[in-house]
Each structure stands twice: as structure tokens, then as C-alpha cells.
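In my numbering, the protein residues as written are 93 to 373. Okay, structure first, notes after.
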Amino acid sequence: MVEGECDAVDLNLGCPQRIARRGGYGAFLMDDLSSVESIVSTLAQGLSIPVTCKIRVFPDLERTLEYARMLERAQCAMLAVHGRTRDQKDNNATRADWDAISAVKNAVTIPVLANGNIRDLEDVRRCLEYTGADGVLSAQSLLENPALFDEKCFQLDSTADPLRGCRLLREYLQLAVQHPVPNRMMKTHVYRLLGDWFSEFTDIREQLNRDRSSSFQECLNFLSSIADAVERRIAASGRDHPIPVPIERKSAIERQERIQAAREEQRREEESLAEIGVKVQ
Ligand SMILES: Cc1cc2nc3c(=O)[nH]c(=O)nc-3n(C[C@H](O)[C@H](O)[C@H](O)COP(=O)(O)O)c2cc1C
């Protein structure tokens with residue numbers, strides 16, 4: 093069934109969300125490594141395409157290394173290691189442990205991908221050098237800068253390009269026309285892409301918060317007008333960065349956005365589970 097339709101099967105053994113705890117999957121399978129071993133080896137033996145895994149680390153390095161070696165024995169073809177433990181859910185609060193990733197790389201012979209603390213292309217280079225990993229994964233930073241892996245963009249010192257977020261947003265909206273997604277998902281991307289500037293242009297942010305566009309096209313037009321408005325304000329400001337907002341206000345905004353993102357994530361997860369008929373109590 094799977095062969096011919098995809099290139100590989102990846103097992104998510106790293107999800108730390110409440111829903112994963114309730115469902116006993118993701119990072120909560122770290123409590124039942126014999127099941128993990130059996131799932132990976134059964135898949136690897138039954139499929140002709142590679143089976144790969146993404147894990148979190150244990151607080152104890154030796155347990156992490158045993159875990160990685162077990163996955164290799166079970167014929168996991170490639171291992172992505174998120175250098176945070178299951179309890180370190182707030183990525184901004186804890187740095188990923190690159191030493192642990194490096195130790196895993198030395199403990200197995202399969203390719204290892206490093207995950208955590210990759211915010212720009214310089215981090216990619218530093219991480220590959222430090223950990224010896226074969227590649228990196230990045231998630232949260234890509235939401236703010238989808239051009240993160242674009243060498244050309246980086247060389248042009250894109251961090252100093254104040255209109256980059258607006259340009260990327262327009263490109264994103266064009267892609268959304270080709271690959272439509274629910275309105276709320278498009279809006280989440282707008283918050284991420286223009287987030288820094290919204291902390292200064294709070295009236296535009298308010299407009300976005302209040303928007304109740306019903307159709308996809310209506311929402312698309314609205315978001316395009318938001319990109320125009322922010323671009324005009326940035327050009328008029330003559331600055332390449334927003335005026336810093338007071339720390340307390342910034343952290344309150346960020347906290348609110350993190351809560352919103354977590355809710356969004358949970359809803360997505362529940363929808364995916366409902367689609368395959370799984371009910372989580
Ligand atoms: C929006 C979003 C969705 C994610 N979904 C998954 C997922 O389905 N499976 C998974 O293993 N990790 C998922 N993660 C976690 C990331 O893959 C990654 O391990 C984590 O964010 C740390 O990397 P970062 O510091 O580059 O963000 C998700 C992260 C984000 C921001």
C-alpha cells in the first residue's frame with residue numbers, strides 16, 4: 093500500500109503534547125521501548141522503503157544512547173534527534189543539547205539529523221560542525237523565516253531587509269492559492285511572518301485579530317491588504333527594525349501567541365486523529 097506512494101515512513105517518537113500523553117504515543121512511547129522496538133522492526137521488515145524515526149533525548153545520556161542503538165538494531169534507517177527532553181516543551185526556555193546529539197552520532201552508524209536551536213544558516217553550519225550530524229531539522233524558526241535555508245537570501249544579509257517578511261507573505265499567499273488551507277492556518281502564518289512589526293503596528297494587528305472573513309478568497313484579499321499596509325508603514329518608518337516594545341508587553345504577547353499556537357497544534361492533531369477514526373478521551 094505504502095510502496096510507490098511515498099519514499100519513506102517516519103515515526104514521530106518526539107511529540108510531547110498532552111494529547112500524545114493521553115493517547116500513549118509520540119514521546120510517551122519512551123516509557124515503552126519494547127513496543128517501539130517491535131513497531132520499528134515490524135515496519136522495517138515488512139516494507140521495502142526506509143523507516144526513519146525522530147526522537148527526544150532522555151535526561152540521562154546513557155539511556156539516550158541505548159535508545160538510539162536499539163533503534164539502529166531494529167533497522168531504523170535514519171534518526172532525527174531533538175536535543176530536548178520530553179518535559180522541555182518550551183523551546184524558547186531551554187536550549188537543545190547538541191552534546192547529546194553529538195554523542196548519538198558517535199554511538200550509531202546510521203545517518204543522524206540534529207534538531208533544536210537552528211534559527212539561521214549560521215546555526216546550521218555551527219550545528220553540523222559541533223555535532224557531526226548528517227543534516228539538521230528546523231521547525232519554529234522556519235515559521236518566522238521560511239527562507240532560512242536559502243543560501244542566496246542569507247548572503248544578502250536578509251536579516252537587514254525590513255520588507256522580507258512582507259515579500260515572503262505574498263509568496264506564501266500565492267502558494268496558498270495553489271494549495272488552499274483553512275483561513276485560520278493562513279492567519280497563523282501571517283502572525284509568524286510579520287510578528288515583530290505587529291508589536292509596533294498594533295492597530296494593524298488588531299485588524300487581523302478582529303477579522304472574520306468567511307470565504308477563502310475574502311480572507312486571501314484581506315491578508316494581502318495587511319501585507320500592503322505593513323509594507324507601507326515600514327517604508328514610511330525608514331527603519332529596518334521595529335521599535336522595541338517593553339519587555340513585559342513583549343513577553344505577554346509572546347505568551348498569548350504560544351498559547352494560541354499550542355491550541356492550534358492540539359486542534360490539528362485532534363482533527364487528524366478524527367479523520368482516521370481515533371477518539372482520544
Ligand atoms: C507547528 C509545529 C508543528 C510540529 N509538529 C511536529 C510533528 O508533527 N511531529 C514532530 O515530531 N515534531 C513536531 N514539531 C516539533 C519540531 O519538529 C521540532 O522538534 C521542535 O519544534 C524543535 O525544533 P525547533 O527548535 O527548530 O523548533 C512541530 C513543531 C512546530 C513548531
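Using N, Cα and C, we set each Cβ at its ideal position, and we do this for glycine too.
Rounded to the nearest whole angstrom, the C-alpha separation of residue 202 and residue 133 is 15 Å.
The segment 112-120 makes no contact with the segment 149-162: fewer than 3 CB pairs, one atom from each, lie closer than 8 Å. Contact between the segment 281-289 and the segment 319-329 is present, with at least three C-beta pairs closer than 8 Å.
As for any alpha helix (DSSP H) of minimum length 4 sitting wholly inside the segment 251-285, the runs are 256-270, ordered along the chain.
Residue burial annotation: residue 311 is buried, with at least 16 other C-beta atoms found within 10 angstroms of its C-beta.
With 16 or more other CB atoms across the displayed protein chains lying within 10 angstroms of its CB, residue 160 is buried. Contact between the segment 234-241 and the segment 206-223 is established, with three or more Cβ pairs separated by less than 8 Å. Relative to the non-hydrogen atoms of ligand 1, the Cβ of residue 158 never comes closer than 8 Å to any of them.
Residue 356 and residue 103 have their C-alpha atoms spaced approximately 22 Å apart. Residue 228 is bridged by DSSP to 206.
Taking a contact as a CB-CB distance under 8 Å, the pair residue 282 and residue 261 counts as one, their CB atoms being some 6 Å apart. Under DSSP, the beta-bridge partners assigned to residue 104 are 146. Counting only residues of its own chain and dropping the five nearest sequence neighbours on each side, residue 259 has no CB closer than 6 Å to any other CB. Ranked by Cα distance from residue 220, the first of 232, 233, 205, 234 is 205.
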